[in-house]
Amino acid sequence: MMENVILEAKGICKSFSGVPVLSQVDFSVRKGEIHALMGENGAGKSTLIKILTGVYTKDSGSVFWDGKKVEINSYKDCQKLGMACIYQELSVIPPLTVAQNVFLGREPRKLGLIDHKKMNEMTQALIDQYDFPLEPGALVSNLGIGLRQLVEILKGLSCDSRLLIMDEPTASLSGKEAESLFSIIDTLRKKGVSIIYISHRLEEVYRLSDRLTVLRDGKNAAVLNHDEIEPKKVIQTMIGKVVDESAGSSKEMRKNSNEVVLEVQNLSDGTGFFRHVSFQAHKGEILGLGGLIGAGRTELVRAIYGIDRYREGTILLNGQALKPSPRTSIRAGFGFVPEDRRGQGFIPLLSINRNTALTNYDRIKKNGLAVSDKDELEMCREAIRRIDIRPADPQKQVGLMSGGNQQKVVLGKWLMRDLKVLIVDEPTAGIDVGAKDEIYGILEELAKNGVVVILVSSDLQELIRVSHRILVMRKGAIIQEFDSGVVTQSMVLEAASGLMKKEEAV
Ligand SMILES: Nc1ncnc2c1ncn2[C@@H]1O[C@H](COP(=O)(O)OP(=O)(O)OP(=O)(O)O)[C@@H](O)[C@H]1O
Ligand SMILES: [Mg+2]
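Residues in the sequence shown are numbered from 1 upward in steps of one, following this note's numbering.
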């Protein structure tokens, strides 16, 4: 064992119901290094992390901490050693406040009672230290997914750990928030804290990591030093093929002169999340919505689809006014992939099969009567095939699938329908590079067939690569439209940050 190694795992094996997920995995992290863990969706990254943090028990193998063999049987054990983890599927508890979440189980006490005042002060100090847009007393249930992720990160940072594990910490963050996380990571590294970093955003990984371990199908595929980290090679090792991930730095926008399918007139929600929003979307158009976290994009598309109410304005589908509710919207030909897949996108306890069927009962119902299991299964198989859901097992419980594959289920269930408008909010959060490419292909194919695709994305590369036209929102209003000429990532970012004046565009 090398002296500068803080954590070492040797020969880790883990199976679920007889299916091996990790086979003889070796993994080691040095003191003060940022070690990236990569691999495609379902490769076993989160499972390895859950074993190291005592959430799952390993079938065999050993773990060493600072040179000593250890047994980690609970998250408490791992905390005691000096590890903290920011999990991929957020563990924050919505009915509690930010402060209660950050200090859950470690609350400061006075005479045996929780000292709320002190807890709020301690939380405020952390918030100030890291400059997060949070308030200690705010209820997490009132926060969007991006801010919830910041709470999760704050909780991890509050522990003063020697090793911090981050499983997809930036999946729901926009460029700006991600940037502030990176400078925090830099500071931690300088203090000698080790970090395990999991992300599908390759440019982050290249930028941050000192070393990189690639898992493929639950096995070690490579360990690369910083100077060996070469994008093409990493992707090749991860997914076995080469994809061009340089596309999307700039693109020529274009107006679409087909008929208008969706028109939004002067929409306001009444509380300021979005104000006087008007736009048209044409048949076969992919309309991108850019903006920072909190710009109101999610609130806007939720209202258009009918999950939330709006106070003022009109929504027209093919010229007909629509009073949206999820039920009427689905009937009218809308599909919706929410950003919070776990909270709103699927029912974790049900199988892929049932989740797909729930959205599609009207399609497979026969004469208004019962649904045949055979039709249900066939439809599910089609979804699995079209979007390469793994494992390709209709009976698999969605809550037990890998993060990226859960996201594929949420998108896949809409592909079976005759859609007019598909709204996707951060559709590739947590999706690996290979599968991303496939999802872009699917969105493009839908558009070719006349569907209007509304894409909300904080990933600028994705927004530019996929959209035909881009609207940028800021503080609840559309402040910029890019509908012709070449648009670059920095142009979108400047507009989103309020730095670009309207007349400078185009
Ligand atoms: N509790 C569980 N029960 C059954 N199968 C599981 C469970 N947890 C994970 N799996 C399976 O283990 C495999 C690896 O999943 P894991 O979540 O580790 O992947 P991952 O590399 O983190 O992927 P992603 O990039 O999508 O997050 C998947 O096939 C998943 O379905
Ligand atoms: Mg994972």
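Ideal Cβ positions, reconstructed from N, Cα and C, are used throughout, including at glycine.
- For glycine 345, the distance from the CB to the nearest heavy atom of ligand 2 is not below 7 angstroms.
- Boundaries of the alpha helix (DSSP H) around glutamine 149: 145–157.
- When the beta-carbon positions are compared, threonine 428 and isoleucine 442 stay at least 8 angstroms from each other.
- Within the model, the alpha-carbon separation for isoleucine 185 versus tyrosine 197 is close to 10 angstroms.
- Boundaries of the alpha helix (DSSP H) around glycine 434: 433–448.
- Close CB contacts of isoleucine 127 within its chain, under the 6 angstroms cut and outside five residues either way in sequence, are with Leu134 (chain order).
- Three or more beta-carbon pairs separated by less than 8 angstroms link the region 135–146 to the region 95–106, which places the two stretches in contact.
- If you draw a straight line from the Cα of glycine 240 to the Cα of phenylalanine 334, it comes to about 35 angstroms.
- Taking 8 angstroms as the cut-off, the beta carbon of proline 169 is found closer than this to the beta carbon of isoleucine 86.
- With a contact defined as Cβ atoms closer than 8 angstroms, valine 29 and leucine 163 qualify at about 7 angstroms.
- With 5 angstroms as the limit, the residues whose C-beta approaches any heavy atom of ligand 1 more closely are Phe16, Val21, Asn41, Gly42, Ala43, Gly44, Lys45, Ser46, Thr47, Leu400, Met401, Ser402, Gly403, Gly404, in sequence along the chain.
- Straight through space, the alpha carbons of glycine 54 and isoleucine 153 are spaced by roughly 19 angstroms.
- Buried is the label assigned to leucine 267, since at least 16 other Cβ atoms lie within 10 Å of its Cβ.
- Closest option to lysine 117, judged by alpha-carbon separation, among Ser329, Gln100, Phe274: Gln100.
- Per DSSP, proline 20 is one residue of the beta strand (DSSP E) stretching across 19–30.
- In the three-state reduction of the DSSP assignment, asparagine 266 falls in the strand class.
- Separation of the CB atoms of arginine 327 and valine 410 is rounded to 18 angstroms, and the pair is thereby denied contact status at 8 angstroms.
- Methionine 473 is a Cβ neighbour of alanine 295, given a cutoff of 8 angstroms.
- Among the bridge pairs identified by DSSP, methionine 253 is matched with Gly485.
- The Cβ atoms of valine 261 and lysine 448 lie no closer than 8 angstroms to each other.
- For the region 66–146, the full-length alpha helix (DSSP H) segments reaching 4 residues or more read 75–81, 98–102, 116–130 along the chain.
- Cβ neighbours of aspartate 425 within its own chain (closer than 7 angstroms, five residues either side excluded): Thr298, Val301, Val337, Pro338, Glu339, Val456.
- Residue environment: serine 62 is assigned as exposed (fewer than 16 neighbouring CB atoms within 10 Å of its CB, all protein chains considered).
- Here the distance from the Cβ of aspartate 217 to the nearest heavy atom of ligand 2 is not below 7 angstroms.
- Proximity of the beta carbon of glutamine 88 to ligand 2 is indicated: a heavy atom of the ligand is located closer than 7 angstroms.
- Our two residues, glutamate 179 and aspartate 167, have alpha carbons roughly 17 angstroms apart in a direct line.
- Taking the Cβ atoms as the reference, valine 25 lies roughly 6 angstroms from leucine 48, within the contact range of under 8 angstroms.
- CA-to-CA, the gap between alanine 84 and cysteine 159 works out to about 7 angstroms.
- Around the C-beta of asparagine 360, 16 or more other C-beta atoms lie within 10 Å, and the residue is accordingly described as buried.
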